[in-house]
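> Protein chains in written order, with our numbering: chain A, 436 to 707; chain B, 13 to 592; chain C, 3 to 360.
My questions all concern the structure below.
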Amino acid sequence: MELLVAQNVTKRFGGLLAVNKLDFVQEQGSIYSVIGPNGAGKTTFFNCIAGFYRIDEGAIRFGGLEINDLRRDEISHLGIARTYQNIRLFANMTAMENLLVGQHQNLRSTWIGAVVGTRFVREEERMAHEEARRLLRFIGLQGRGDTLANNLPYGDQRRLEVARALAAKPRLLLLDEPTAGMNPAEQAEMTAFVRKLRDELGITILLIEHAMRVVMGISERITVLDYGEKIAEGSPEEIQRNPRVIEAYLGRGSETASGARPDAPGPATAEA
Amino acid sequence: MTALAATASGWSGWLPAIRLGLLGAAIALYLCFIGIVAIFDPRPLIQGVISLGQVALILTGIGVGYLTARRAADGPLRAMIGATIAGTIAGAALTGFVLLGAVIDLRGVILHASPVTYGVLTFGLDTPGAWIPIVLLGAAGAVGGAVEVLPTRFQRPVISSLMALLVIGLFAGVIRSPMLANPLTDPIARLLFASDGVTPLGAVATVVAVLGGQALNRRLAIPQRVRELPAERRQRLTLPAIIVGVLFVLWLPQGVGSFFAQVVAVVTLYVLMAFGLNITLGLAGLLDLGFVAFFAVGAYTVGLLTGSGDYGIAHWPFWAAVPVAVILAMAFGAFLGLPILGIRGDYLAIATLGFGEIVRILAGSDLLKPWLGGPRGIYPIPKPIEVTPDSFLAGPLQIYYIALAFAAVVAFVAVRLRDSRLGRAWVAIREDEDVAEALGVNLVQTKLLAYMLGAAFAGLGGAIFSTLLGAIISSSITVFVSINVAAIIIVGGMGSIPGVVVGSIFLIGIPELFREFSEYRYLFYGVALIAMMIYRPEGILPSRITRREFHASDEAEPGEPAEGQSTDEPTSQPATGMVT
Amino acid sequence: MQVRLADRVTDLAIATFLWAFRISVVLIVVVGSFLTLSSGKYGLETWTGLVITGLTTGSVYALVALGYTMVYGILRMINFAHGDIFMIGGFAGYFAGLALSRLGFLNANAIASLISIMIMMVVAGVFALVVALLVERIAYRPLRNAPRLIPLISAFGASYFLEYSVKGWAGPGVYAFPDVAVLDQLVPIDFVRIKWLDVLVVIAALVMMAGLYFFVMRTKVGTAIRAVSEDKATAALMGIDVDRAIVTTFAVGAAMAGAAGVLFGLMFRQINYFSGFEPGLKAFTAAVLGGIGNIPGAMLGGLFLGQVEAVGPQLFLDGFGVPGLAGLAKAVGFTMLVLILVFRPSGLLGERISGTRA
């Protein structure tokens with residue numbers, strides 16, 4: 436079943452075409468990657484899906500419902516949760532509190548109920564705390580729940596951000612460079628973690644990633660963007676063989692002074 | 013080593029001393045110019061020995077000397093000389109001021125370049141005594157230097173004795189008047205305190221008490237022992253401590269005379285309002301400087317509904333009017349909040365400030381005069397509980413208890429909200445509203461609720477205020493109410509409930525007690541705000557981390573802020589909670 | 003799976019409310035103006051008089067607004083103490099004027115008056131500049147990287163400090179600005195009543211604004227200021243002294259506010275320690291009105307606000323028979339402020355702030 440469908444999506448910033456006539460289909464329960472050189476429009480596309488940007492043309496449908504005119508909170512209610520390229524945890528809240536905020540939309544307490552302290556509210560709070568603790572265990576942070584998010588190590592912050600998105604009980608999870616800044620061991624760990632999310636929780640996953648090892652390792656399908664346009668789409672094997680992709684990465688890379696792109700998907704890095 | 017000594021002994025080695033001396037000169041002159049020296053001349057700190065005006069100058073000298081000595085890295089002797097130089101420079105500026113004043117009359121430009129000021133500077137000798145400030149501040153600088161140079165063991169008693177002397181001297185009147193009321197303490201009060209300031213005997217007693225207290229404290233180390241107690245024994249101490257605290261709060265205004273009771277009532281009122289704004293500002297991070305608008309709605313509603321004068325329309329009892337006032341304030345909050353909640357933080361502050369001003373102008377305008385009485389306002393407003401004039405509830409005491417009761421309710425509500433789903437959403441909005449929205453938080457509704465609740469409590473504050481004053485006049489609706497409440501929260505610590513209480517005492521209570529300083533209270537207030545933002549932006553008592561992972565499962569007492577490190581602590585927190 | 007209905011209903015209610023709000027504002031303005039004008043209560047004379055008042059007060063607002071807008075542009079902070087800098091400039095100018103008047107120079111002849119006023123403005127500008135730099139150094143610079151509300155609170159503190167320092171220094175009383183006889187005379191033209199004072203204020207303001215525009219657009223320091231406004235980090239990498247650019251911004255803004263304080267004093271004839279508060283808020287309004295960070299915007303915003311404030315109450319409200327218009331005139335500026343912030347926070351000419359986030 437098609438869960439996320441983008442049709443002819445276009446986003447401009449002034450004269451710049453950040454995303455140009457993008458068509459895109461993701462099946463429910465799949466792990467899908469969007470890759471491309473820096474500035475290719477990947478994060479812009481994410482922002483369009485999650486309601487951070489209004490698209491200029493086209494339509495985005497989630498589960499058959501057009502979502503491109505909805506507010507962020509409405510989109511979240513429909514079941515899309517996301518993480519951010521540069522981690523955006525609530526820095527001065529504890530890990531537990533971050534996870535509790537993540538559950539916000541699934542809770543029903545009203546302010547009057549909270550003041551009176553009704554049985555329903557107390558029960559709901561208890562369950563919410565229980566759930567938050569369960570998520571902490573799930574990401575291996577048990578015992579660190581009362582630490583300020585700010586004070587967690589980088590890798591833990593990444594995982595906590597994913598867990599906060601999970602707390603919203605999404606059907607679709609958007610991960611924006613979940614392994615950025617990680618060493619290979621941590622990357623492998625994160626890869627396993629993402630796969631676990633899909634396998635155990637059945638969450639559909641769409642990710643932006645630069646580390647080709649990760650992309651090729653877990654994606655079932657890949658879309659390659661360059662200058663806001665889709666230049667290729669297919670399975671990891673197809674992408675690795677696609678000449679346009681190789682050119683997009685290496686071709687332009689060789690024009691630049693540095694000559695090498697650390698994030699190139701060339702067979703050399705991908706086969707590892 | 014020789015090279016070092018060479019540079020240090022050269023001219024440039026004394027530069028810090030000279031720079032600090034010039035700073036001291038600027039401060040000392042400033043103190044003279046704005047009249048602190050002259051106005052506080054009649055006010056003794058120690059009766060017959062030293063006046064507050066002189067203390068201000070001497071403290072400048074001591075401070076400059078202390079700082080200079082701290083900067084000096086090379087030996088106590090040079091530190092002392094540097095300190096003296098710095099003090100002397102500061103004094104020389106004052107001497108220059110006195111000499112200049114003898115030649116030209118500066119009063120056209122500086123109101124306080126008056127004989128009184130010169131008299132204070134020269135101990136009444138005028139121009140022939142122009143040398144006095146140099147010597148005095150030079151000596152003060154040396155004292156400051158000496159304090160720094162002293163070994164730590166002596167430093168602490170000296171500093172704390174001086175501080176205690178200053179505080180006791182400042183508060184002498186406040187401490188004395190309630191003591192006079194009691195025949196037991198009356199003679200002691202007369203012995204130790206003059207009508208303003210302490211007596212020389214009192215000064216000696218203070219120093220002895222401080223030194224003795226410190227020695228005793230070292231011997232007994234009570235706070236440390238309490239800290240070392242096992243958790244369950246400490247908990248057993250909590251209940252009696254709370255009971256003692258409650259009894260103290262209830263007793264407070266009765267024991268201390270009616271002026272003090274009035275002050276305490278005002279402080280409590282501000283605590284109440286600050287609890288309310290704490291939701292809007294402390295939790296949700298919306299800087300609302302139009303707080304006074306809702307305060308006005310509450311006050312005028314009660315005035316209109318209960319007033320027994322010309323403008324009273326219903327003659328309701330207070331208790332029936334309060335809910336109406338609160339609901340109206342809340343509705344007003346929704347009305348004003350809806351259009352402006354979308355705008356960004358600092359703009360919101362200014363827009364709400366604008367609202368406050370509009371309401372103030374309208375309240376005093378001819379347009380609404382037929383209903384609100386214009387500048388003369390609504391008068392009289394009866395007290396909530398009618399009592400005979402000799403009853404103990406007749407004065408501000410009644411309002412104090414009412415304010416206290418409402419403050420307790422508001423605190424309860426605030427704590428319950430803070431620990432709820434909504435409280436978390438508010439804090440999330442404060443931290444990063446984009447992310448909060450992407451997690452399903454409806455920004456408009458959530459912010460609006462915070463704003464309306466803040467407005468409701470402001471209305472409640474206004475309602476009580478109008479009965480405290482017995483009237484509501486448009487000149488009480490000033491932007492200062494808004495700024496005061498916001499400052500309480502910021503100085504106390506954003507989002508922190510005990511912080512609000514401390515902030516109110518600092519910013520409302522202490523200035524109210526220093527009525528004699530009223531000219532300067534906002535000046536100190538301004539300095540305090542700046543200093544606070546620079547040195548302790550998180551507030552005096554920042555809100556603490558709530559332990560949730562290991563605590564909340566057993567339904568933590570709402571409002572029981574479990575201990576943890578303050579939020580500003582940069583170091584990561586070890587997961588010690590595991591043990592509990 | 004669908005969007006929650008309750009949300010949509012509240013959204014609709016909010017949108018309706020906002021539109022009702024907008025429509026009622028427009029209605030009041032249109033109907034009020036129509037009623038007032040059709041009543042024919044006021045002649046052309048009255049209206050031109052009001053327009054001239056608006057032009058002069060507006061020029062002063064514009065001068066002060068420039069300081070707000072430049073500082074906001076470069077530091078993203080509302081320099082709440084700027085109004086008090088304006089007041090302090092007014093006081094410095096007052097004392098200078100007093101001295102000149104005692105020397106008998108102020109009213110010696112027209113040229114002497116003009117020179118005197120220039121001296122007063124220079125003294126005011128220099129004094130305001132010094133105070134503003136002290137405030138920047140002590141209250142703002144240590145907070146350069148703090149979260150937004152922190153410097154704002156510090157600015158409130160600075161504002162209090164300045165106001166009450168002046169109160170201590172000069173007392174709470176109102177000081178009457180020295181009379182400059184020449185300025186009260188009418189310009190010898192037939193069709194409108196204009197005093198020389200009005201001409202002076204407008205010309206002085208125009209000259210200063212032109213000078214500022216030249217300074218910011220054409221000089222090296224001005225370019226540095228603009229670069230720092232765009233992006234502090236990059237500007238620093240390009241070898242621009244960020245601190246110096248910021249200090250210059252404060253200095254220029256303060257000098258103009260100080261000089262404006264003298265003009266304001268000449269217009270309203272009185273000054274006390276609190277007289278910077280309201281003009282300050284209004285000048286901030288003007289800055290927002292024009293689009294904060296936008297220098298021509300601040301000028302335009304100031305002039306526009308001056309007009310609305312001078313003409314507005316009479317034009318919009320008189321037709322409804324509202325009493326006590328003089329008292330309400332003050333509220334007009336604040337109403338304007340709120341309306342702009344609500345409906346067009348980016349101002350008339352648009353903001354010139356890069357990289358702002360909500």
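Even glycine gets a Cβ: it sits at the ideal position worked out from N, Cα and C.
These numbers were taken from a predicted model, which means no experiment stands behind them.
For the beta strand (DSSP E) containing V460/A, list its first residue and its last residue.
Working through the first sequence from its first residue, we reach residue 460/A at position 25. Note, V460/A: beta strand (DSSP E), 451-462.
> Could you check where the alpha helix (DSSP H) with I12/B kicks off and where it finishes?
Nothing can be reported for residue 12/B: it is not among the residues displayed for chain B, which extend from 13 to 592.
> Near A288/C, which residues of its chain fall below 7 Å by C-beta distance, leaving aside the five closest residues on each side in sequence?
Within the third sequence, the letter at position 286 stands for residue 288/C. Once the five neighbours on either side are set aside, the close Cβ partners of A288/C are Y63, A64, A67, A300, G303, G304, L307.
> Opposite S63/B in the DSSP bridges: which residues?
The residue given as residue 63/B occupies position 51 in the second sequence. In DSSP, S63/B forms a bridge with P56/B.
> What does DSSP give as the partner residue(s) for K197/C in the beta ladder?
Here the question's residue 197/C lines up with position 195 in the third sequence. Answer is L188/C.
> Just the Cα atoms here: how many angstroms apart are M123/C and V264/C?
Counting from 1 along the third sequence, the entry for residue 123/C is found at position 121. Counting from 1 along the third sequence, the entry for residue 264/C is found at position 262. Cα to Cα, M123/C sits roughly 6 Å from V264/C.
> What are the residues that DSSP puts in a beta bridge with L642/A?
Counting from 1 along the first sequence, the entry for residue 642/A is found at position 207. In the DSSP output, where bridge partners are listed per residue, L642/A has S468/A, L610/A.
> Can you pull out the residues from the region 516-537 of chain B whose beta carbon lies closer than 7 Å to at least one beta carbon of chain C?
Cβ contacts with chain C come from E531, Y532, Y534, L535, Y537.
> Can you have a look at A158/C and say buried or exposed, based on whether 16 or more other CB atoms are within 10 angstroms of its CB?
The residue given as residue 158/C occupies position 156 in the third sequence. One detail in the question is off: residue 158/C reads as Phe in this sequence, not Ala. Per the 10 Å Cβ criterion, buried.
> Could you pull the DSSP bridge partners for G669/A from this structure?
One-based indexing of the first sequence puts residue 669/A at position 234. G669/A is bridged to I657/A.
> Spatial neighbours of M436/A within its chain, please: CB distance less than 6 Å, with the 5 preceding and 5 following residues excluded, ordered by chain position.
Sequence index remark: in the first sequence, residue 436/A carries index 1 (1-based). Contacts found: Q463.
> Should the region 637-653 of chain A be called in touch with the region 605-615 of chain A, which here means at least 3 C-beta pairs below 8 Å?
Short answer: they touch.
> Can you tell me whether T71/C is buried or exposed, with buried defined as 16 or more other CB within 10 angstroms of its CB?
Taking the first residue of the third sequence as 1, we reach residue 71/C at position 69. By the neighbour-count rule (16 or more Cβ atoms within 10 Å), T71/C is buried.
> Using a Cβ cut-off of 7 Å, pull out every chain F residue sitting near Q457/B, in sequence order please.
Absent here is chain F; the protein component of the structure consists of chains A, B and C.
> Can you pull the chain B residues whose beta carbon is under 7 Å from the beta carbon of R523/A, in chain order?
Translated into positions along the first sequence, residue 523/A becomes position 88. The answer, in chain order, is D444, V447.
> Considering only C-alpha positions, which residue in the set A328/C, L330/C, A312/C, I294/C is nearest to I342/C?
Stepping through the third sequence from its first residue, residue 342/C is reached at position 340. Among A328/C, L330/C, A312/C, I294/C, the Cα nearest to that of I342/C is on I294/C.
> I need the DSSP call for V399/B, collapsed to helix, strand or coil.
For the purposes of this step, residue 399/B is taken as the residue at position 387 of the second sequence. V399/B: coil per DSSP, three-state reduction.
> Any Cβ of chain A within less than 7 Å of the Cβ of A440/B?
Counting from 1 along the second sequence, the entry for residue 440/B is found at position 428. Taking Cβ atoms only, chain A reaches closer than 7 Å to A440/B, which makes this a yes.
> Hey, R656/A and G669/A are a contact pair by Cβ (cut 8 Å); roughly how many whole angstroms apart?
For the purposes of this step, residue 656/A is taken as residue 221 along the first sequence, with counting starting at 1. For the purposes of this step, residue 669/A is taken as residue 234 along the first sequence, with counting starting at 1. About 7 Å; that satisfies the 8 Å criterion.
> Please check if any C-beta of chain C sits within less than 7 Å of the C-beta of F45/B.
As a working note, residue 45/B is residue 33 in the second sequence. Answer yes: the Cβ-Cβ gap between F45/B and chain C drops below 7 Å somewhere.
> Return the bridge partner residues of F36/C from the DSSP annotation.
Numbered from its first residue, the third sequence carries residue 36/C at position 34. Beta-bridge pairing links F36/C to no other residue.
> To the nearest angstrom, how far is the alpha carbon of F266/C from that of I542/B?
As a position in the third sequence, residue 266/C is number 264, starting the count at 1. As a position in the second sequence, residue 542/B is number 530, starting the count at 1. Cα to Cα, F266/C sits roughly 29 Å from I542/B.
> Enumerate, from N- to C-terminal direction, the unbroken alpha helix (DSSP H) stretches of 4 or more residues contained entirely within the region 299-364 of chain B.
You should have 303-318, 330-352.
> Using a C-beta cutoff of 7 Å, does L542/A count as contacting chain B?
Looking up residue 542/A in the first sequence gives position 107. So, interface residue.
> Could you compute how far the alpha carbon of P325/C sits from the alpha carbon of G376/B?
The residue given as residue 325/C occupies position 323 in the third sequence. The residue given as residue 376/B occupies position 364 in the second sequence. The straight-line gap from Cα to Cα measures roughly 13 Å.
> Using a cut-off of 9 Å between C-beta atoms, extract the partners of T337/C located in chain B.
Along the third sequence, one-based indexing puts residue 337/C at 335. Under the 9 Å cutoff, chain B gives G366, I370.
> Going straight from the alpha carbon of I522/B to that of Y166/C, what length do you get?
Here residue 522/B corresponds to residue number 510 of the second sequence, with the count starting at 1. Here residue 166/C corresponds to residue number 164 of the third sequence, with the count starting at 1. Roughly 18 Å separates the two Cα atoms.
> In whole angstroms, what separates the C-alpha of L202/C from that of I273/C?
Translated into the one-based positions of the third sequence, residue 202/C becomes position 200. Translated into the one-based positions of the third sequence, residue 273/C becomes position 271. Near 19 Å, if we compare the C-alpha coordinates of I273/C and L202/C.
> By DSSP, does N618/A sit in helix, in strand, or in coil?
In the first sequence, residue 618/A corresponds to position 183, counting from 1. In the structure shown, N618/A sits in coil (DSSP, three-state: anything other than H, G, I, E or B).
> If you draw a straight line from the C-alpha of F52/B to the C-alpha of A141/C, how long is it?
Within the second sequence, the letter at position 40 stands for residue 52/B. Within the third sequence, the letter at position 139 stands for residue 141/C. Approximately 27 Å between the Cα atoms of the pair.
> Helix, strand or coil: which one does DSSP assign to T691/A?
On the first sequence, residue 691/A is found 256 positions in, with the first residue counted as 1. Unreliable placement is indicated for T691/A, whose pLDDT of 42 sits below 50; no coordinate value is reported for it.
> By the 10 Å Cβ neighbour count, where 16 or more other Cβ atoms means buried, how is H327/B classified, buried or exposed?
Translated into the one-based positions of the second sequence, residue 327/B becomes position 315. H327/B comes out exposed.
> For the alpha helix (DSSP H) containing A38/B, list its first residue and its last residue.
Translated into the one-based positions of the second sequence, residue 38/B becomes position 26. 27-45 is the extent of the alpha helix (DSSP H) around A38/B.
> Chain C partners of M285/B, CB-CB under 9 Å?
Numbered from its first residue, the second sequence carries residue 285/B at position 273. Those within 9 Å of M285/B in chain C number zero; the least Cβ separation is about 18 Å.
> Please say whether G99/B and L41/B have beta carbons closer to each other than 7 Å?
Counting from 1 along the second sequence, the entry for residue 41/B is found at position 29. Counting from 1 along the second sequence, the entry for residue 99/B is found at position 87. No, the Cβ-Cβ distance between L41/B and G99/B is not below 7 Å.
> Taking DSSP's pairing of strands, which residues face I87/C in a bridge?
Here residue 87/C refers to the residue found at position 85 when the third sequence is read from its first residue. I87/C pairs with nothing; no bridge assigned.
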